[in-house]
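>
In my numbering, the protein residues as written are -10 to 422.
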């Protein structure tokens, strides 16, 4: 399921919230956000294919694509694609490291612009915001004038973003968050789309079912097996059958097919609790070398735990993610005896999972992606149980504190494990952000 269903529809259903009547919601979706920020700041990148990468390589030879400019998308490059595949599709493109702090700073500026319009602003992701316009439009009568005023507000917001930040955005306006989010995707880039309640059946029904927010590839296959090809087919399906087949998610998707969504715009989502920390790396051509994979895993664990310590979190569940070849991907997890934020316990658990998979005989193809994440988090100030071994020997914790202080002062590359010296430094700045 998509992030929207997980954090929007399901959250509203779980909390039993009912939205107010006569709503008008604006969804702001930045166009090729990371790439647009880089093109704005670096004139050399303008008008050229630009690929922003999540990578540990100084020359962007490994990792995955974070965002591609519209010039690069003409070559079939898209987010989530491995960097080496993007290079093979468009060798003359510019490849740059993702500068997450800079993008977050621009997101905060976007939020302030939206809050001038309405205090009800929800930061949905780094490049998406919801704005509840309902309070601003209550004084507008008749109904048609409300939507005309909403269009004007959306147009003014787009122009202000262009003028003050030098960026373009696609805006969708509708009677709820679901419809507004779908509307923003209809005319990208730099679009402005309004969908009023009376238009919903005619607009939604002909769309392929996977255009509905919340339907991914797996859900699409399940629905197709039931004979559901379009959003209209889903809306005509018996609600009881959807609930029997998919439970709560089935009911919510049936409601979504009718354009219904009660989830409110919740201000302050920028500060929502972190659920996990993770990093992954694409390996060009893949490898079966277990020692190389373990070394890669060590660098990833170093970077993950570094971020956990920087933000003050401890974690207990370690998950290993692998992709074998270019088709089969899966994950394995293990729960640690105690909460931790040091590399050694996280790496030990991830390495054991990796060795178990390597000995299973299922690796008929090279491993092309390896990743690690830590979940079941708690704040460090909540404390953690200290084992007898840590009481007797706290050298790793003291050493880690010194290394963190050095990296904070002189940069991530000032100290590196000897085993990570080579083609790329996995514990470098890009992974530790």
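C-beta atoms are modelled at their ideal positions from N, C-alpha and C, and glycine is treated no differently.
Among 204, 16 and 23, whose alpha-carbon lies nearest the alpha-carbon of residue 90?
Per the Cα distances, 23.
> If I follow the unbroken beta strand (DSSP E) through residue 308, where does it start and stop?
It spans 302 to 313 - the beta strand (DSSP E) in which residue 308 sits, taken as one unbroken run.
> Closer than 7 Å by C-beta to residue 56: which residues in its own chain qualify, once you throw out the five before and the five after it? Chain order, please.
21, 22, 23, 24, 41 and 68.
> Alpha carbon to alpha carbon, how far is residue 181 from residue 159?
Their Cα atoms are separated by approximately 6 Å.
> With residue 19 as the anchor, note down where its beta strand (DSSP E) starts and where it stops.
Its beta strand (DSSP E) spans residues 14 to 19.
> Please state whether DSSP places residue 69 in a helix, a strand or coil.
Residue state, collapsed to three classes: coil.
> Terminal residues of the continuous beta strand (DSSP E) containing residue 85?
Unbroken beta strand (DSSP E) run through residue 85: 83 to 86.
> Inspect the beta-carbon positions of residue 270 and residue 363 and report whether they are closer than 7 Å.
Not in contact: residue 270 and residue 363 (Cβ atoms no closer than 7 Å).
> Is the CB-CB distance between residue 19 and residue 116 below 7 Å?
Against a cut-off of 7 Å, the Cβ pair of residue 116 and residue 19 comes out as a contact.
> What residues in its chain sit with their C-beta under 7 Å from that of residue 421, if we drop five residues either side in the sequence?
With a pLDDT of only 35 at residue 421, under 50, the local geometry of the prediction cannot be trusted, and no value is derived from it.
> So what does DSSP say about residue 226, is it helix, strand or coil?
Here residue 226 sits in coil by DSSP.
> Which residue's Cα is closest to the Cα of residue 113: 107, 125, 100 and 105?
Comparing Cα-Cα distances from residue 113 to each of 107, 125, 100 and 105, the minimum goes to 100.
> Check whether the Cβ atoms of residue 119 and residue 177 lie closer than 7 Å to each other.
Cβ atoms of residue 119 and residue 177: not closer than 7 Å.
> Using a 10 Å radius around the Cβ and a threshold of 16 neighbouring Cβ atoms, would you call residue 300 buried or exposed?
Answer is exposed; the Cβ neighbour count stays below 16.
> At the level of alpha carbons, what is the spacing between residue 264 and residue 393?
Approximately 23 Å between the Cα atoms of the pair.
> Decide if residue 396 is buried, meaning its Cβ has at least 16 other Cβ atoms within 10 Å, or exposed.
Buried, by the Cβ-count rule.
> Based on the DSSP output, what are the partners of residue 271 in its beta bridges?
Answer is 358, bridged to residue 271.
> Tell whether a beta-carbon distance below 7 Å holds between residue 238 and residue 121.
Not a contact, by the Cβ cut-off of 7 Å.
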